[in-house]
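The UniProt record's numbering puts the first residue of the sequence shown at 1, with every later residue one more than the last.
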Amino acid sequence: MLKKFSVKNFKNFREEIIIDFSDIGDYDFNTSLIKNSLLNNVLIYGKNAVGKSNLGLALFDITIHVVDKVNLANYKNYINADNPNEPATFSYTFQFDKHILEYTYQKSDKNILFSESLSINGSKIFDYNFESKEGDFAGIQNYPDLATLNWEFRDSSLSVLKYMANNSNLAPDSPIRSLIHFVSSMIWLSSPGGQANRIIGMISEISPMTTKLIEMDKVQEFQDFLNQNGVPDKLIVKTDVTGEKAIYIDYAKPVKFIEVFSGGTASLTAIFYLSLYFENASFVFIDEFDANYHFEVAENIVKLLQNKNFQSVLTSHNTNLVSNNIMRPDCYLILTKEGLTPFFRATERELREGHNLEKLYQSGEFENDR
């Protein structure tokens, strides 16, 4: 699981921004939102243009050079424009069983590493500077799985972590294997249902979704999902004029589903398609997940992501979701120009289960830059 993440000098984040999944409040309700003493479900709020979308891109930057599962078009204007001569710094702390891994790297652009380091349980495994081509690899000798690596022929621009993972026979219980598996299983989705669903990570593409649903024999399950979320359509599969199978709405004269669905239904389609991969996911980030939803549907989607074996982070402007009936004060975070802060640390008030978090949020209670 991801325990902590920080980023600095990336896009609009000139100063360091930290999200700490181990920062848990003393609450005895909605305990299923906590797993292995870490936040398993997080909902981030903040004003427009404060950087909620960029935070998601920062979290998934690791997928660029470790597992090659990213569309680089999402990473334009990479370095902070007010500090263009300094690299961006990313730091991840992972927790896998008894192991704590700290992985830090710097980049001068999205695919140009400047430095990289890894430690396990406080012991340095390696650090490397890509400009000077100098590093310390002594810690690798403590791991038999890595001790036989041939460093002479390593591409000097290639991530050391990636080289280790791709060129060694890691044991099933190797913490490095766990890290690579976690990163390989991350999923980022932006603006589901929009004109162009952007996706990063485990799913390489999200279109054409309806064709995939037919291939996976999930049309009936998809119809049930839509019905549960206020879309009463009955769906059927027909062969269209091109000879391809397609999903139709079962009217007296059937209509092709993708030609008439609303923005909200398109968004639900993207979320359902994403849910088919939940079983193997490690970390799911959905930006503006509820932009096209009625508040009841938005609440359903939040609950869909709970009690799962992956961590999830959502961003939203929908204050109807700010409720202790849905989550709890340590799972709600607010992003301001001052940083990212859990609700329970953004106020001097002792937040209890009976507090109306929505009213407090709307009054500016949690904005430390107000």
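From the three backbone atoms N, C-alpha and C, an ideal C-beta is built for every residue, glycine too. Just so we're clear, the structure is a prediction, and the values are computed from it rather than from any experiment.
Counterpart residues of residue i in DSSP-defined beta bridges
i    : result
G46  : L335
P342 : L333
W188 : I200 and F285
S323 : Per DSSP, none; premise fails for S323.
G135 : Y128
Y75  : Answer is none; Y75 lacks a bridge partner.
I249 : L235 and V255
L313 : The residue asked about is misnamed: residue 313 is Val in this sequence, not Leu. Answer is V42 and F285, bridged to V313.
E116 : Y105 and Y128
Y92  : F5 and Y103
S123 : I120
D20  : K4
K35  : L38
F10  : F13 and I79
CA-to-CA distance, residue j to residue i, given in whole angstroms
i    : j    : result
M1   : G56  : 16 Å
E259 : A49  : 32 Å
N54  : K11  : 7 Å
Y361 : L118 : 39 Å
N111 : P254 : 48 Å
S157 : P87  : 16 Å
E221 : S184 : 27 Å
F283 : N36  : 15 Å
D155 : S132 : 14 Å
Y293 : A73  : 27 Å
D224 : S312 : 24 Å
N9   : P172 : 36 Å
S262 : N85  : 45 Å
K308 : F278 : 8 Å
A252 : S159 : 58 Å
D97  : L179 : 12 Å
M209 : I200 : 16 Å
A270 : N80  : 31 Å
Residue i classed as buried or exposed, judged by whether at least 16 other C-beta atoms fall within 10 angstroms
i           : result
F182        : buried
G364        : exposed
F295        : exposed
K359        : exposed
F153        : exposed
residue 371 : Outside the displayed range of the chain (1 to 370) lies residue 371, so it cannot be described from this structure.
D330        : buried
A58         : buried
T239        : exposed
D82         : exposed
H317        : exposed
N40         : buried
E134        : exposed
G51         : buried
Q95         : buried
G354        : exposed
S32         : exposed
S123        : exposed
M46         : Strictly speaking, residue 46 in this sequence is Gly, with Met absent from that position. It counts as buried.
residue 387 : Only positions 1 to 370 of the chain appear in the structure, and residue 387 is not among them; the question remains open.
Cβ-based neighbour list, residue i, same chain, cut-off 6 Å, excluding 5 preceding and 5 following
i    : result
K4   : D20 and T93
F343 : P329, Y332 and F366
Y103 : Y92 and L118
F137 : F126
Y27  : R328
Contact set for residue i: own chain, Cβ-Cβ below 7 Å, skip 5 residues either direction
i    : result
N30  : M327 and R328
N229 : L268, V297 and N300
M164 : L146, L149 and I176
T347 : E365 and F366
K218 : L276
I17  : S6, V7, L55, G339 and L340
L170 : D145, I176 and R177
Whole-Å CB distance - residue i paired with residue j, under 8 Å assumed
i           : j    : result
F60         : M186 : 6 Å
A281        : M202 : 6 Å
Y75         : F90  : Not really, about 12 Å apart at Cβ, beyond 8 Å.
W188        : F114 : With 8 Å as the limit, W188 and F114 do not qualify as a contact, their Cβ atoms being about 23 Å apart.
residue 380 : I214 : Coverage of the chain is limited to positions 1 through 370, which leaves residue 380 absent and any answer about it impossible.
V302        : L43  : 7 Å
Other residues of its chain near residue i: CB distance less than 8 Å, five sequence neighbours each side excluded
i    : result
Q195 : Confidence at Q195 is low in this model, with a pLDDT of 47, below 50, so the placement of that residue should be treated as unreliable; the coordinate-derived value is given next. Nothing meets the Cβ criterion.
L357 : V322, S323, N324, P329, Y332, F343 and L351
W151 : F137
H99  : I120, N121, P175 and S178
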